[in-house]
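Peer 1: Under this note's numbering, the first residue of the sequence shown carries the number 17, and numbering increases by one thereafter. The structure's right below; bear with me while I get my questions together.
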Amino acid sequence: MGWPFESAVIRSHALMEFSFGNQSGRPAGVFGKIGITVFFLLFLGMGLLFTWLIGHFLIQSFSAYQWKPASATIVSSSVGESKSSDSPYFAEVKFRYEWLGESHVSDQLSLTRQTYSSYDKAQSSVAALPPGLVRTCYVNPEDPGEAVLERADFWVGLFILLPLVFVVVGAGGIYGAWFGKDKASGTLSPQAGKRAKGGAPWVLGAIFTLVGGGILAFWFLPTLARSISSTTWDETPCMVISSRVKSHSDSDGTTYSVDILYQYSVDGKEYKSNRYRLFSGSSSGYDTKAEVVSQYPPGQRSVCYVNPTNPTEVVLKPGPGWSFLFGLIPLAFMGAGIMVMIQSAKAPRAGNSAGLSANGSQTLKPAASPHMKVFGIFLVALFWNGIVSVFVSEVVHGFSRGRPDWFLTLFMVPFVAVGLGLVAGFVYQILALWNPRCEIQINPPVLVPGQPVEVSWTLRGSVHRLQRFLIYLEGREEATYRRGTSNYTDKETFFRVPLADTESPLEMTQGEAKGALPVDVMPTFIASNNKVVWAIKVRGEIQRWPDLNEEFSVTVTGGTQ
Numbered sequence: 017m018g019w020p021f022e023s024a025v026i027r028s029h030a031l032m033e034f035s036f037g038n039q040s041g042r043p044a045g046v047f048g049k050i051g052i053t054v055f056f057l058l059f060l061g062m063g064l065l066f067t068w069l070i071g072h073f074l075i076q077s078f079s080a081y082q083w084k085p086a087s088a089t090i091v092s093s094s095v096g097e098s099k100s101s102d103s104p105y106f107a108e109v110k111f112r113y114e115w116l117g118e119s120h121v122s123d124q125l126s127l128t129r130q131t132y133s134s135y136d137k138a139q140s141s142v143a144a145l146p147p148g149l150v151r152t153c154y155v156n157p158e159d160p161g162e163a164v165l166e167r168a169d170f171w172v173g174l175f176i177l178l179p180l181v182f183v184v185v186g187a188g189g190i191y192g193a194w195f196g197k198d199k200a201s202g203t204l205s206p207q208a209g210k211r212a213k214g215g216a217p218w219v220l221g222a223i224f225t226l227v228g229g230g231i232l233a234f235w236f237l238p239t240l241a242r243s244i245s246s247t248t249w250d251e252t253p254c255m256v257i258s259s260r261v262k263s264h265s266d267s268d269g270t271t272y273s274v275d276i277l278y279q280y281s282v283d284g285k286e287y288k289s290n291r292y293r294l295f296s297g298s299s300s301g302y303d304t305k306a307e308v309v310s311q312y313p314p315g316q317r318s319v320c321y322v323n324p325t326n327p328t329e330v331v332l333k334p335g336p337g338w339s340f341l342f343g344l345i346p347l348a349f350m351g352a353g354i355m356v357m358i359q360s361a362k363a364p365r366a367g368n369s370a371g372l373s374a375n376g377s378q379t380l381k382p383a384a385s386p387h388m389k390v391f392g393i394f395l396v397a398l399f400w401n402g403i404v405s406v407f408v409s410e411v412v413h414g415f416s417r418g419r420p421d422w423f424l425t426l427f428m429v430p431f432v433a434v435g436l437g438l439v440a441g442f443v444y445q446i447l448a449l450w451n452p453r454c455e456i457q458i459n460p461p462v463l464v465p466g467q468p469v470e471v472s473w474t475l476r477g478s479v480h481r482l483q484r485f486l487i488y489l490e491g492r493e494e495a496t497y498r499r500g501t502s503n504y505t506d507k508e509t510f511f512r513v514p515l516a517d518t519e520s521p522l523e524m525t526q527g528e529a530k531g532a533l534p535v536d537v538m539p540t541f542i543a544s545n546n547k548v549v550w551a552i553k554v555r556g557e558i559q560r561w562p563d564l565n566e567e568f569s570v571t572v573t574g575g576t577q
């Protein structure tokens, strides 16, 4: 059966003139490129600046690896405190060592002093360095009076990946402004698709994955495991020394945290800590923290929970609490990075193919696989609801205290509604995994106006569940523009022709369509703000169940060949 191309063509000359006129048919002007370059230079400059600062810090920290080892004896160790810092506690250590027959004393634990917001972390460092302990120190051979007991861990070097994200975005944006597309035409060629496949997107995805995965593996998951196990730690009497709501101010405003210093005893030895939970931090909402602090006035005797294998690790409140949800943010980073790498590793967008068969036809891949849809909406729902739940807990606490914050309650209603919508979308995509799967083959792989083409489909799975099955070829224009601080994309279909429209399961299972595109259709076109996209769309209506809805990208070249 041939396609009724000419009768199915839908055109909008006004839209074509508006979208493509004198803008997309030729390269952006020099002044436009300069403007884009200045914008991305900010990213590049910030990235390079922080890369240099962090690099300088790392070089300084790792320089101790060139120092010489020597035997040292701990003279004294205690927890020091600085009153003017959000992380006031540090390990104050003195040790004596011999170098070339001369005795020296140093108070440098490391080249960069590590400070802590938690007393028990500094105390843990001190407990590992009791007076009289003999261990190795590292002496600067150029200045024997300088020595340290600890050297920086190499994993700290991963921090340099953070500013490199800005460097990649900035450099990629500048490169794209001047060399990102063919000068003569905006038509997307297979070669251009291959260039877009690798390079900067993959590197950017790898950086996000490494950073998110590193934080997740080395901090979040171990802390979550210890936080859960803290419910089984030894219940130990303690006495509150001081308690307050600590404020933290910066350019983004003021946040608050619980700061309760208490003292406890294990095996006759006294310890101190200001750890309320293992997952701790600062956030908005003074009243909630003040309520916690009011339960622990100075001098009050209470109960803390001590790790039986490490007496310096202790909490006043066991379990993870709501604050652990902030730790899921690295999961969103890692997931985003993985998705970027997967997309960049796929076949070029031109044709979006899975490979050529013996007869020259090409099997197309859907624009987004069902599993990727589930994974993507899961990450978004997890991230959104994780943040929203923190504020919802503040609302719940307010109602439980009999002092509801009506402004916060009303303010959170639309955010909670969006979160519920995301959860519903996640469930919807999960159910859609059981839908039939459509396989599309096209010959030739790249459509040429005026030349014959054949499209065939095979439907696998529970075909009997479909009440109606539709396939059609569509060409559409997409114009992206900026309004205020937001980007918007208008889409207008200029060509649509049905390939199948049936309610018969037998005709749904397998079929083909043959024909030729009109010679004057617009080819595939990719530019910064405008696109001409061609796709084969598959729709399947299922009663009381998510519908089958897939799209397969195809490429149309310009002119008859």
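Just so you know, even glycine gets a beta-carbon here, dropped at the ideal spot from N, CA and C.
Distance check for Val408 and Met428, CA to CA, integer angstroms please.
Peer 2: Between Met428 and Val408, the C-alpha separation is close to 7 Å.
Peer 1: Would the beta-carbon of Ala397 fall within 7 Å of that of Val432?
Peer 2: No, Cβ-Cβ distance for Ala397 and Val432 is not below 7 Å.
Peer 1: Determine the closest residue to Gln559 out of His480, Phe511, Pro420, with distance taken between C-alpha atoms.
Peer 2: Here the closest residue by C-alpha is His480.
Peer 1: Tell me whether Gly477 sits in a helix, a strand or coil according to DSSP, three-state version.
Peer 2: In this structure, Gly477 counts as coil in the three-state DSSP scheme.
Peer 1: Please state whether DSSP places Ala383 in a helix, a strand or coil.
Peer 2: Reduced to three states, the DSSP call for Ala383 is coil.
Peer 1: Run through DSSP, which three-state label would Val91 get?
Peer 2: Here Val91 sits in strand by DSSP.
Peer 1: Could you name the residues of the same chain whose beta carbon sits closer than 6 Å to that of Asp250, not counting the 5 residues immediately before and after it, in chain order?
Peer 2: Hits under 6 Å: Val322, Pro324.
Peer 1: According to DSSP, is Met538 part of a helix, a strand, or is it coil?
Peer 2: Correct three-state label for Met538: coil.
Peer 1: Is the number of C-beta pairs between the segment 151 to 159 and the segment 298 to 312 that are closer than 8 Å three or more?
Peer 2: Short answer: they don't touch.
Peer 1: What residue does the beta strand (DSSP E) around Phe568 start on, and which one ends it?
Peer 2: 564 to 572 is the span of the beta strand (DSSP E), which, as asked, contains Phe568.
Peer 1: Figure out for me which residue from Pro382, Val434, Gln378 has the closest Cα to the Cα of Ile403.
Peer 2: Comparing Cα-Cα distances from Ile403 to each of Pro382, Val434, Gln378, the minimum goes to Val434.
Peer 1: Can you tell me whether DSSP reads Thr128 as helix, strand or coil?
Peer 2: In the structure shown, Thr128 sits in coil (DSSP, three-state: anything other than H, G, I, E or B).
Peer 1: If you draw a straight line from the alpha carbon of Lys168 to that of Ser77, how long is it in whole angstroms?
Peer 2: The sequence shown places Ala at residue 168, rather than the Lys named in the question. Each residue's Cα considered, the two are about 6 Å apart.
Peer 1: If I'm right that Gly491 touches Trp550 with Cβ under 8 Å, what's the distance once you round it to whole angstroms?
Peer 2: Their Cβ separation, rounded to whole angstroms, is 5 Å, which keeps Gly491 and Trp550 in contact under 8 Å.
Peer 1: If contacts are defined as beta-carbon pairs under 8 Å, then Gln445 and Val390 qualify, I think. What distance do you get, rounded to the angstrom?
Peer 2: Gln445 to Val390, Cβ: 5 Å. Contact.
Peer 1: Within this structure, are the beta carbons of Lys530 and Glu493 separated by less than 7 Å?
Peer 2: Cβ atoms of Lys530 and Glu493: not closer than 7 Å.
Peer 1: Restricting to runs no shorter than 4 residues, where is the alpha helix (DSSP H) found entirely within the segment 397 to 482?
Peer 2: Segments of the alpha helix (DSSP H) lying fully in the segment 397 to 482: 422 to 448.
Peer 1: If I follow the unbroken alpha helix (DSSP H) through Ile244, where does it start and stop?
Peer 2: It spans 237 to 245 - the alpha helix (DSSP H) in which Ile244 sits, taken as one unbroken run.
Peer 1: If contact is defined by three or more beta carbon pairs under 8 Å, each pair taking one atom from either stretch, is the segment 220 to 229 in contact with the segment 84 to 100?
Peer 2: The segment 84 to 100 vs the segment 220 to 229: no contact.
Peer 1: Tell me the rounded alpha-carbon separation between Asp421 and Ser300.
Peer 2: Using only the alpha carbons, I get a separation of about 13 Å.
Peer 1: Given that a residue counts as buried once 16 or more other Cβ atoms are within 10 Å of its Cβ, and exposed if not, what is Thr571?
Peer 2: So Thr571 ends up on the buried side.
Peer 1: Report yes if the CB atom of Tyr105 is closer than 7 Å to the CB atom of Lys288, and no otherwise.
Peer 2: Contact: no.
Peer 1: Quick check on this structure: which residue in Leu489, Thr225, Trp400, Glu118 has the alpha carbon closest to the alpha carbon of Leu463?
Peer 2: The candidate whose alpha carbon is nearest that of Leu463 is Leu489.
Peer 1: Pick from Gly189, Tyr191, Pro85, Tyr132: whose alpha carbon is nearest that of Val150?
Peer 2: With distances taken between Cα atoms, Val150 lies closest to Pro85.
Peer 1: Given that a residue counts as buried once 16 or more other Cβ atoms are within 10 Å of its Cβ, and exposed if not, what is Thr540?
Peer 2: With 16 or more Cβ atoms within 10 Å of its Cβ, Thr540 is classed as buried.
Peer 1: Given this structure, state the Cα-to-Cα distance separating Ser569 from Val554, to the nearest angstrom.
Peer 2: Roughly 11 Å between the two C-alpha positions.
Peer 1: What number of angstroms, rounded off, separates the C-alpha of Phe394 from the C-alpha of Gly96?
Peer 2: The alpha-carbon atoms of Phe394 and Gly96 are separated by roughly 45 Å.
Peer 1: How would you call Ala495, buried or exposed, if buried means at least 16 neighbouring beta carbons within 10 angstroms?
Peer 2: The residue is buried, with at least 16 neighbouring Cβ atoms inside 10 Å.
Peer 1: Taking the alpha carbon of Phe399 as the reference point, which residue from Leu294, Val319, Phe349 has its own alpha carbon closest?
Peer 2: Minimum Cα distance to Phe399 is reached at Phe349.
Peer 1: What's the C-alpha gap between Leu64 and Gly229?
Peer 2: Between Leu64 and Gly229, the C-alpha separation is close to 23 Å.
Peer 1: Going by beta carbon distance, what residues of the same chain come within less than 6 Å of Gln457, once the five residues before and after it are set aside?
Peer 2: Correct list, in chain order: Ser377, Thr379, Ser472.
Peer 1: Please list, in chain order, all residues of the same chain as Lys262 whose beta carbon is under 6 Å from its beta carbon, the five residues on each side excluded.
Peer 2: Only Ser273, Asp275 meet the Cβ criterion.
Peer 1: For Asn451, does the count of other Cβ atoms within 10 angstroms reach 16, so buried, or fall short, so exposed?
Peer 2: Under this definition Asn451 is a buried residue.
Peer 1: Check whether the Cβ atoms of Leu515 and Leu347 sit closer than 7 Å, and answer yes or no.
Peer 2: No, these two residues do not count as a Cβ contact at 7 Å.
Peer 1: Should the segment 177 to 191 be called in touch with the segment 55 to 63, which here means at least 3 C-beta pairs below 8 Å?
Peer 2: Touching, yes.
Peer 1: Measuring CA to CA, which of Ala107, Leu294, Pro460, Thr573 is closest to Asp536?
Peer 2: Nearest option by C-alpha distance: Thr573.
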